[in-house]
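Colleague: Residue numbers 1 to 174, in UniProt numbering, belong to the letters of the sequence shown in order.
We put the beta carbon where it would ideally sit given N, CA and C, even for glycine.
Following this message is one structure expressed as structure tokens.
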Amino acid sequence: MFKNISYKKKFYGLLVFVVILSFTAYNRSFKGTIETISLYRESVKNIKESSNSLMELSNIKKEVSILDNTIGKSTKNPAIVQNEILGFLSTRSQEMTLSKIENLHVSNDDYFTIYSNVILLQGDFNGLLKTIYEFEKDFEYARIASMVFHTERNAKTSKNELYNEIIFQNYEKK
1 MFKNISYKKK FYGLLVFVVI LSFTAYNRSF KGTIETISLY RESVKNIKES SNSLMELSNI
61 KKEVSILDNT IGKSTKNPAI VQNEILGFLS TRSQEMTLSK IENLHVSNDD YFTIYSNVIL
121 LQGDFNGLLK TIYEFEKDFE YARIASMVFH TERNAKTSKN ELYNEIIFQN YEKK
């Protein structure tokens, strides 16, 4: 049967047969294997990412709890913070005086209730700076959120007096 066909035609026929066989083998076996390997690699990558996400989530929870503790001590009665500020000032430097203390300001958002206390101190620069440093270092009921130095002219003495307005805030989780 194949004796009448030339070697050239036999070679081309064999070449066509090998191409068809290769195409069929690729579609039946190799294509599925290659897709499975790529799916496996993608799944392994997703598993690593999800385990990293869990670790990141636990780290974020730890950071949030540390920040909750750092932001300010939680008190049952926020007016106590104002009394603690007064008590703290009474035991500190005599180089400054308390000029004014404002009422407690309460602000709410979705996650926290924020209590703000505003005080106005009068004194020399070094005394005010020392008091601010002591508040930052030792006062645990609230943290300094803002402070502003300004001068005012005293009408009685005709001297400029230095004032420091400090805003303390403490947070309470809802």
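(1) Can we say the segment 145-159 touches the segment 89-102, given the rule of at least three CB pairs closer than 8 Å?
(2) What are the start and end residues of the alpha helix (DSSP H) that includes I85?
(3) Looking at R143 and F125, is the spacing between their C-beta atoms short of 9 Å?
(4) What do you reckon, is the C-beta of G13 under 8 Å from a heavy atom of the ligand GDP?
(5) What three-state label does DSSP hand residue 177 in the structure shown?
(6) How close, in whole Å, do the beta carbons of R92 and E134 come, if the pair is a contact with beta carbons under 8 Å?
(7) Just to confirm before moving on: does the CB-CB distance between E49 and I114 stay below 9 Å?
(8) For the segment 78-91 against the segment 108-123, do three or more pairs of beta-carbon atoms, one drawn from each stretch, fall closer than 8 Å, so that the two count as touching?
Modeller: Reading off the structure:
(1) No, the segment 145-159 does not touch the segment 89-102.
(2) Segment A79 to S90, the alpha helix (DSSP H) holding I85.
(3) Not in contact: F125 and R143 (Cβ atoms no closer than 9 Å).
(4) Judged by which ligands are present, the structure shown has none, so any question about the ligand GDP falls away.
(5) Missing from the structure shown is residue 177; the chain here goes from 1 to 174 and no further.
(6) Contact check for R92 and E134: beta-carbon distance about 6 Å, within the 8 Å limit, so the pair qualifies.
(7) Cβ distance not < 9 Å, so E49 and I114 don't count as in contact.
(8) They touch, by the three-pair rule.
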